[in-house]
Ligand code: ARG
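Residue numbers (the numbering used here): 3 to 455.
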């Protein structure tokens, strides 16, 4: 039994129905659709467009549908095209004629825009909580390994010793930006489009500001055409989610490298590693690899929505239906990724002896030698050249820099004294850093303390 076809002489073709319906995506919107309808009915009642009895009947019918959904009894039928018509039809079965008044001064165009906004608001709240939990897991790992020293890398080449905690605190910074991006986005999502109708508003005495308030939205639309066609918030959400996912992917890649036998800096517990079907010795970090693997799809969803929006003429266009699926899919994937990453980090142990050994490579102390000379008033560029010459000398002699004698050092700069030999120690190197935001031990301890762990 198809809906809304009294003015038509034919039924909608079956395969066309199968093609245009959006019940799969709408599964995720049932709760917010009902929430929006309850607010709409309440507003209609306040404005005298529904009697108290009609409104009460509608609200209680909607609540019944919500409980039916929770028990699995309310299932969307593709013949009714979308969640909106499914709810309306079920409401009519439940409460009869009063159901026919719910859609007063409303179109599915403002209704679906509202649903997607409410859905995104809920997802942002969840992502914020998950990012906070992930930050806590990272802080905890940093605090528990506050003394661990490891090589810091540029170009994936050993650069200078850093504290493991400093690297973990760097991840906190990325996530803090992701959190702020979601938070900032909230004010552009929490704008109610309800009351815009199909695109022109209505002559009926509705109060869109009241609907907005009832829904806890921060504001109400300004322009009815824009209200039904604006999906900027969804594109922005997908950007914020993609950016966050790119950060998770970078973290995942870093951990996969650190967990390799070649590095051996960290070990994931068995709770987050998987076996090989062929090689008995394997313990693979598949969960974080999948976090990395999900990112491409999220970036794809962002490109998807932007491509959909770019060709649309002003006003509601049915193409907008296609903006729901990427948002819903990404919200699910990002939640999963944030969750798994927090579990992986909580289960990760740091092999501080291995990181210290790798950080003890004397080549990484050359910058400290340069700073030693600068402290003796040698111009920086000259100090850099003198240490470069020292590096070449050691290489040609095939010895480690730390094996050179003071006399040999002094061939390259007369400023070297006995204390220069003590620089070849990664702990000395990280302790010596004092600048703002550096890996200096005191700085990193202060950051860890500011995180409350
Ligand atoms: N099912 C549509 C969607 O999900 C909303 C319906 C609007 N359809 C219309 N013909 N005005 O976006």
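The C-beta atom is built at its ideal place from N, Cα and C for all residues, glycine as well.
Could you tell me which of the options sits nearest to residue i, measuring between CA atoms?
{"i": "residue 247", "options": "134, 300, 46", "result": "300"}
{"i": "residue 221", "options": "190, 204, 199, 207", "result": "190"}
{"i": "residue 154", "options": "123, 239, 58, 256", "result": "256"}
{"i": "residue 115", "options": "376, 53, 320", "result": "320"}
{"i": "residue 306", "options": "240, 345, 294", "result": "240"}
{"i": "residue 373", "options": "39, 343, 431, 294", "result": "431"}
{"i": "residue 293", "options": "265, 381, 258, 166", "result": "258"}
{"i": "residue 225", "options": "195, 236, 243", "result": "195"}
{"i": "residue 252", "options": "242, 234, 290, 229", "result": "290"}
{"i": "residue 6", "options": "284, 87, 100", "result": "87"}
{"i": "residue 41", "options": "112, 393, 61", "result": "61"}
{"i": "residue 480", "options": "391, 105, 279, 438", "result": "Examination of residue 480 is not possible in this model, given that the chain is present from 3 through 455 alone."}
{"i": "residue 276", "options": "270, 302, 286", "result": "286"}
{"i": "residue 207", "options": "184, 126, 107", "result": "107"}
So for residue i, helix, strand or coil by DSSP?
{"i": "residue 382", "result": "helix"}
{"i": "residue 315", "result": "coil"}
{"i": "residue 281", "result": "coil"}
{"i": "residue 341", "result": "helix"}
{"i": "residue 4", "result": "coil"}
{"i": "residue 80", "result": "helix"}
{"i": "residue 213", "result": "helix"}
{"i": "residue 165", "result": "strand"}
{"i": "residue 219", "result": "coil"}
{"i": "residue 194", "result": "strand"}
{"i": "residue 266", "result": "coil"}
{"i": "residue 88", "result": "helix"}
{"i": "residue 287", "result": "coil"}
{"i": "residue 204", "result": "coil"}
{"i": "residue 276", "result": "strand"}
Go to residue i, then tell me how far its beta strand (DSSP E) extends in each direction, as first and last residue.
{"i": "residue 426", "result": "Careful: residue 426 lies outside any beta strand (DSSP E) and carries neither H nor E."}
{"i": "residue 352", "result": "350 to 352"}
{"i": "residue 208", "result": "Looking at the DSSP string, residue 208 is not in any beta strand (DSSP E), and its letter there is neither H nor E."}
{"i": "residue 154", "result": "151 to 156"}
Span of the alpha helix (DSSP H) holding residue i?
{"i": "residue 235", "result": "234 to 261"}
{"i": "residue 121", "result": "110 to 146"}
{"i": "residue 64", "result": "54 to 73"}
{"i": "residue 373", "result": "368 to 377"}
{"i": "residue 102", "result": "From DSSP, residue 102 is part of no alpha helix (DSSP H); its letter is neither H nor E."}
{"i": "residue 226", "result": "226 to 231"}
{"i": "residue 24", "result": "Counting along the chain, residue 24 falls outside any alpha helix (DSSP H), and DSSP gives it neither H nor E."}
{"i": "residue 34", "result": "32 to 48"}
Compare the C-beta of residue i against all C-beta atoms of chain D and say whether one is closer than 7 Å.
{"i": "residue 422", "result": "The structure shown contains no chain D; it is built from a single protein chain."}
For ligand 3, I want to know if residue i counts as a neighbour, meaning its beta carbon is within less than 6 Å of at least one of the ligand's heavy atoms.
{"i": "residue 331", "result": "The ligand content of the structure shown is limited to ligand 1, which means ligand 3 is not among them."}
TODO: Mind listing which residues have their beta carbon within less than 7 Å of any non-hydrogen atom of ligand 1? Chain order is fine.
DONE: 24, 28, 83, 84, 86, 109, 110, 111, 114, 200, 318, 320, 322, 323, 326
TODO: List in chain order: all unbroken alpha helix (DSSP H) runs of 4+ residues lying wholly within the segment 379 to 454.
DONE: 382 to 399, 408 to 412, 428 to 434, 443 to 452
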